[in-house]
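Quick notes on the structure that follows.
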Amino acid sequence: GNSVTQMEGPVTLSEEAFLTINCTYTATGYPSLFWYVQYPGEGLQLLLKATKADDKGSNKGFEATYRKETTSFHLEKGSVQVSDSAVYFCALKGNYGQNFVFGPGTRLSVLP
Amino acid sequence: DAGITQSPRHKVTETGTPVTLRCHQTENHRYMYWYRQDPGHGLRLIHYSYGVKDTDKGEVSDGYSVSRSKTEDFLLTLESATSSQTSVYFCAISESLAGSPDTQYFGPGTRLTVL
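If you're matching them up, the sequences are chains D and L in order.
The first sequence begins at 1 in this note's numbering and counts up by one.
The second sequence begins at 113 in this note's numbering and counts up by one.
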């Protein structure tokens, strides 16, 4: 079946540091890929998505590129802020069926 | 932001009592989902709906039932709550794209404590 693997963290960075959160997936065909962010006490918010190979999703300075050859969708940001402290979830929606698969989440803490 | 509300936002109940959580959307999306989120388990799908009166089980459906009598409302019922159902419950919606669900959007969550 479909699955998502991501680094669980926690990840602790200083403000303005470069961020990478790795995400790899297993799926047949060409799934859609997503990154969600969850701030304390809130629901998951869509951060970005990509629906086909080599697509780059971007939002709020975050980027991720759909790499079919390495089955990866790593999240990056060039300069993190304290306000980026949250839990980040990688997810996929397969070509078949109706359900989504989520990774375990990666907690990011950014220190001033 | 997608128009999704959940009620109640917080609830404390006792073991053995019935509990109903409500998810309401104003987006007219076809698909609706109930998840639970627990430390160490991530997000787990309980039930989902692919249309009015059309529902199916997820990976952790035991002890839960759902109903969808209108497009905008999806109810989750714990017939007899147990302490293992203490969790944060999230509703999600997605619109149909070529007959399949597209991006999921989440509600704010309901924190349920079963004593």
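Don't be surprised by glycine CBs; every beta carbon is placed ideally from N, CA and C.
Everything numeric in this text was worked out from a predicted model, so none of it was measured.
Flag E42/D as yes if its beta-carbon sits less than 8 Å from any beta-carbon of chain L, otherwise no. Closer than 8 Å: yes.
Worksheet entry | Identified DSSP bridge partners for P213/L | Answer by DSSP bridge pairing, in chain order: S208/L.
TODO: Please go through the region 152-182 of chain L and give each complete beta strand (DSSP E) segment of 3 or more residues, from N-terminal end onward.
DONE: As far as the region 152-182 of chain L is concerned, its whole beta strand (DSSP E) runs of at least 3 residues are 154-163, 166-169, 176-182.
The beta strand (DSSP E) enclosing H136/L, as first and last residue numbers:
That run of the beta strand (DSSP E) goes 131-137.
Taking C-beta pairs closer than 7 Å, name the residues in chain C that L155/L reaches, listed in chain order. Any reference to chain C falls outside this structure, whose protein chains are D and L.
field: Helix, strand or coil at V82/D [DSSP, three-state]
entry: Helix.
Legend entry - For Y145/L, the nearest candidate out of S161/L, R134/L, P151/L (CA to CA): Measuring from the Cα of Y145/L, the nearest candidate turns out to be S161/L.
message: I'd like to check one pair, L33/D with F73/D: are the Cβ atoms closer than 8 Å?
response: When the beta-carbon positions are compared, F73/D and L33/D come within less than 8 Å of each other.
Since P31/D contacts K93/D with CB under 8 Å, what's their CB separation in whole angstroms?
-> Contact holds; Cβ gap of about 6 Å.
P151/L, buried or exposed, once every other Cβ within 10 Å from all chains shown has been counted against 16 = Exposed, by the Cβ-count rule.
| field | Listed by chain order, chain D residues near P220/L by CB distance under 9 Å | value | Contact annotation for P220/L against chain D: G41, E42, G43 [CB-CB distance below 9 Å, chain order].
Going by DSSP, which residues form a beta bridge with R121/L? DSSP output for R121/L lists no bridge partner at all.
Margin query: On the DSSP letters alone, give me the boundaries of the beta strand (DSSP E) that E76/D sits inside.
Written below: E76/D -> beta strand (DSSP E) spans 75-77.
### Cβ distance (whole Å) where T125/L is taken to contact V226/L below 8 Å
Contact between T125/L and V226/L holds: CB atoms are separated by about 6 Å, below the 8 Å threshold.
For R142/L, list the residues DSSP reports as bridge partners.
The partner list for R142/L (beta bridge, DSSP) is empty, contrary to what the question assumes.
By Cβ distance, which residues of its chain are closer than 8 Å to G103/D, with the 5 residues on each side in sequence left out?
-> Cβ within range, chain order: V4, T5, Q6, C23, F89, C90, A91.
Leaving out five residues on either side along the sequence, give the residues of the same chain with a beta carbon under 6 Å from the beta carbon of E76/D. Apart from the 5 residues on each side of it in sequence, E76/D sits with its Cβ closer than 6 Å to the Cβ of T20, E63 in its chain, given in chain order.
inquiry  = Quick check on S3/D: does DSSP put it in helix, strand or coil?
reply    = Collapsing the DSSP output to three states places S3/D in a strand.
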